[in-house]
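2 protein chains.
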Amino acid sequence: MFKPIEWVNGKVRMLDQSRLPVKVSYITCNDYQKVAEGIKKLWIRGAPAIGIAAAMGVALGAQKIKAKNFDEFMRRLEPVFSAILSTRPTAVNIAWAIKRMRNLLLSKKTLGVEKLKTVLIEEAKKILKEDIEVNKTIGRYGEKLIKSGDTIITHCNAGALATGGYGTATGPMRTAVAEGKNIQVIADETRPVLQGARLTACELMNDKIPVTLITDNMAGAIMKNGEINLAIVGTDRVARNGDVANKIGTYSLAILCKEHKIPFYVAAPLSSIDFSIPSGEFIPIEERDSKEVTHIAGKRIAPLNVKVRNPAFDVTPAKYITAIITEKGVFKPKDLYKLQRQIQNPKH
Amino acid sequence: MFKPIEWVNGKVRMLDQSRLPVKVSYITCNDYQKVAEGIKKLWIRGAPAIGIAAAMGVALGAQKIKAKNFDEFMRRLEPVFSAILSTRPTAVNIAWAIKRMRNLLLSKKTLGVEKLKTVLIEEAKKILKEDIEVNKTIGRYGEKLIKSGDTIITHCNAGALATGGYGTATGPMRTAVAEGKNIQVIADETRPVLQGARLTACELMNDKIPVTLITDNMAGAIMKNGEINLAIVGTDRVARNGDVANKIGTYSLAILCKEHKIPFYVAAPLSSIDFSIPSGEFIPIEERDSKEVTHIAGKRIAPLNVKVRNPAFDVTPAKYITAIITEKGVFKPKDLYKLQRQIQNPKH
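Line by line, the protein sequences give chains A and B.
Numbered according to the numbering used here, the first sequence spans residues 107 to 454.
Numbered according to the numbering used here, the second sequence spans residues 107 to 454.
What follows is the structure, encoded as structure tokens:
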């Protein structure tokens, strides 16, 4: 399977996902600006993956800093933090990764600047490695929700390509297959950027998990035929009350699931859960370039100068969500506060 | 505005809608086979428009027939009827048009073969002209459902391009604008063939009706914002019980409307209502080439050999439909039987 991001010889190597599946090409980032460009231009995308990219971008940016002491080092790191933070607003993972890197530095300030540069590289690599483990754990919890014979619908790509590896929403699918369960996946193509068609279908085919591609607007008709047993999607940010921001179209899919009495699950690593906000209303929704709607693969498909809307995400209220699958277990949205307590007081 | 189909100098001239909006080109059909090809390949599409094309195809096919008497003429017309009937299964308008042409011939058999050839041309032109009048009447009835300030969502293209002119679903919009009402239209792009992006957006912009293009999967999020007041779509076939077949995605849109308490209207000329079938289950759903999903504007957007579903239509059960707007008035689905009675016993 493709590796979406790696630290190679002191540089960050990204798979350019914007060109998949037609072209498999890698981009080597020599500086944090290139990492930020990669996040903005969707060479790398997916909340956990851009969290990892953010951490690697910070580590990369730190290497070039010359500073006499810790305070100067931190001051010179600020532009790195803010360049990366400003790339994409919806996924909380970027802020999560930067906070983690910053807190680590503060906790180890006595090590000295040169040593801290190495610490940052190690931490970024650790975040990547941990992410894969988290997804495997999500896979083990989520797998229990899947019966042999089930057909699972998913939206966008919350797969290996959206993470360090293994995937959040695809985690339970991979584990189910590993456990010998016979499953089918329906992948929504996910306009406008087509991550379902370009990435999820590609990734599952590569791994021999049976997948069928549909356009987003076919989901309802296929549910009405009784062909879907459950939905599993990823998320860019979960609010404290269980509201979920995810790729545009997730909300519509959740409503279709409700109407057809199909369980709707969200796979979310803790790094995507934002306990600091009370509800989905507080999640900023990125509006992207109208060209993503009016052009596909460089070809214009709409009238010149047509007015366009292009919100990249939507918020699915907690009431449409059957449960959230995390690396700490499966929680109903209304029980997410228990997870918060568990994290804050790990002994209880 | 473009004319989707015309009878010109003894030939059928079609606008090639498959190339809009990038290229405006016309195709002249010299024989009925070319008309059938145009229907299959979506040079012309939209239930009323392909009904008109079917009638013109029959008229065109008839001109080349050499027959000594009426029975021979009818026998030689059979291949014409069946070639046109077999083009596309879902819209009932093709069968409706052919039945009308056939019944006309049977009622005028004494005129003789040469005269009947002229009668067929006149009838095909009459069907085109009537269709425009029907749409204007639908416009007058439907306009009453629209308030100034309303935003209307529509799916696919049930506009001037899908009909003889004026449009079924766009009829009420055009009339509302003519009446001085201030309206906005949201056009779903309508994957896979993108009739919303390529045709509806184009047609409304040309006629200065404010339109905003969205991808199909944005509809729910925009409804949640409170931005949509009503939905009006067209149809390929309405069953006796008010179930409606229309472009894939219509069913999902109707569910989203229900969830957001938004009225969902279907504009349907009598030529699209099939009183011979009791429910939507009896409507054949066309499955089209998977390339419509895997390629856009000639560019591949999915993995090679990916498994694909491509039902071109879905059925929206009557319970999701607020009312059906016809040229005989606005009917709740459960009252469609009254319309049937009205047609069968015009005096009552």
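A virtual CB, placed ideally from N, CA and C, is assigned to each residue, including glycine.
How about residue i and residue j: are their beta carbons less than 9 Å apart?
i                 : j                 : result
Gly157 of chain B : Ala189 of chain B : no
Asp322 of chain B : Thr341 of chain B : no
His401 of chain B : Val339 of chain B : no
Leu166 of chain B : Ala429 of chain B : no
Arg346 of chain B : Pro384 of chain B : yes
Gly435 of chain B : Leu442 of chain B : no
Asp313 of chain A : Pro423 of chain A : no
Leu183 of chain B : Ile259 of chain B : no
Lys231 of chain B : Trp113 of chain B : yes
Ile427 of chain B : Ala327 of chain A : no
Pro417 of chain A : Glu433 of chain A : no
Ala373 of chain B : Thr306 of chain B : no
Asn411 of chain B : Met311 of chain A : yes
Val421 of chain A : Ile379 of chain A : no
Val283 of chain A : Ile238 of chain A : no
Lys405 of chain A : Lys405 of chain B : yes
Going straight from the alpha carbon of residue i to that of residue j, what length do you get?
i                 : j                 : result
Asp137 of chain A : Arg194 of chain A : 18 Å
Ile133 of chain B : Tyr371 of chain B : 34 Å
Glu398 of chain B : Phe381 of chain A : 43 Å
Met324 of chain A : Ile171 of chain B : 44 Å
Phe268 of chain B : Lys287 of chain A : Note that residue 268 of chain B is Ala in the sequence shown here, rather than Phe. Straight-line Cα distance between these residues: approximately 47 Å.
Ile145 of chain B : Ile407 of chain A : 21 Å
Ala160 of chain B : Leu126 of chain B : 22 Å
Lys147 of chain A : Asn263 of chain B : 32 Å
Ala360 of chain A : Leu217 of chain A : 49 Å
Thr281 of chain B : Lys117 of chain B : 32 Å
Leu212 of chain B : Glu220 of chain B : 14 Å
Met120 of chain B : Gly245 of chain A : 55 Å
Asn352 of chain B : Lys413 of chain B : 24 Å
Val317 of chain B : Ser358 of chain A : 22 Å
Pro390 of chain B : Ile150 of chain B : 20 Å
Met207 of chain B : Pro185 of chain B : 14 Å
Gln450 of chain A : Gly271 of chain A : 27 Å
Glu236 of chain B : Pro154 of chain B : 11 Å
Lys205 of chain B : Gln139 of chain B : 19 Å
Met279 of chain B : Asn199 of chain B : 23 Å
Lys403 of chain B : Gly277 of chain B : Note that residue 403 of chain B is Ala in the sequence shown, not Lys. If I take the Cα positions, the gap works out to 29 Å.
Lys364 of chain A : Lys425 of chain A : 10 Å
Gln290 of chain A : Leu319 of chain A : 11 Å
Leaving out the 5 sequence neighbours to the left and right, which residues in its chain are closer than 8 Å to residue i when beta-carbon positions are compared?
i                 : result
Glu333 of chain A : Thr257 and Ile292
Lys253 of chain A : Lys287 and Asn335
Arg210 of chain B : Reading off the sequence, residue 210 of chain B comes out as Leu, not Arg. If we look at Leu210 of chain B and ignore the five residues flanking it on each side, its Cβ neighbours are Val225, Leu226 and Glu229.
Glu285 of chain A : Glu249
Around the Cβ of residue i, are there at least 16 other Cβ atoms within 10 angstroms (buried) or fewer (exposed)?
i                 : result
Glu228 of chain B : exposed
Ser192 of chain A : exposed
Gln301 of chain A : buried
Ala303 of chain B : buried
Lys222 of chain B : As written in the sequence, residue 222 of chain B is Leu, which differs from the Lys given in the question. By the 10 Å Cβ count, Leu222 of chain B comes out buried.
Pro439 of chain A : buried
Gly265 of chain B : buried
Asp177 of chain B : exposed
Thr356 of chain A : buried
Met107 of chain A : exposed
Val128 of chain B : exposed
Ala64 of chain B  : What is shown of chain B runs 107 to 454, which leaves residue 64 of chain B out entirely.
Gly248 of chain B : buried
Ile233 of chain A : buried
Glu507 of chain B : No answer is possible for residue 507 of chain B: the residues shown for chain B start at 107 and end at 454.
Ala168 of chain A : buried
Lys152 of chain B : It is worth fixing the name first, because residue 152 of chain B is Gly in this sequence and not Lys. The residue is buried, with at least 16 neighbouring Cβ atoms inside 10 Å.
Which residues in the same chain have their Cβ closer than 6 Å to the Cβ of residue i, if we skip the five residues on either side of it in sequence?
i                 : result
Asp395 of chain A : none
Phe187 of chain B : Ile204
Pro94 of chain A  : There is no way to answer for residue 94 of chain A, as the model of chain A reaches only from 107 to 454.
Tell me which residues share the same chain as residue i and place their Cβ nearer than 7 Å to its Cβ, disregarding the 5 neighbours each side in the sequence.
i                 : result
Ser131 of chain B : Asp122 and Arg125
Trp202 of chain B : Gly157 and Ser377
Met329 of chain A : Leu362, His366 and Ile368
Lys215 of chain B : Phe176
Val240 of chain B : Pro375 and Glu433
Between residue i and chain D, is there a C-beta pair that is closer than 9 Å?
i                 : result
Gly332 of chain B : The chain labelled as chain D is not found among the protein chains of the depicted structure, namely A and B.
**Message:** So within the stretch 197-244 of chain B, which uninterrupted alpha helix (DSSP H) runs reach at least 4 residues, ignoring any that extend past its ends?
**Reply:** As far as the stretch 197-244 of chain B is concerned, its whole alpha helix (DSSP H) runs of at least 4 residues are 199-213.
**Item:** 4-residue-minimum alpha helix (DSSP H) runs that sit fully inside the stretch 309-352 of chain A, ordered along the chain
**Value:** Within the stretch 309-352 of chain A, the complete alpha helix (DSSP H) runs of at least 4 residues fall at 325-330.
**Length-filtered (4 minimum) alpha helix (DSSP H) runs lying within the stretch 149-192 of chain B** = Runs of the alpha helix (DSSP H) inside the stretch 149-192 of chain B: 153-169 and 176-191.
**Message:** Ignoring anything shorter than 3 residues, give me the beta strand (DSSP E) runs that lie fully in the stretch 354-383 of chain A, in order along the chain.
**Reply:** For the stretch 354-383 of chain A, whole beta strand (DSSP E) runs of length 3 or above, ordered along the chain, are 370-373.
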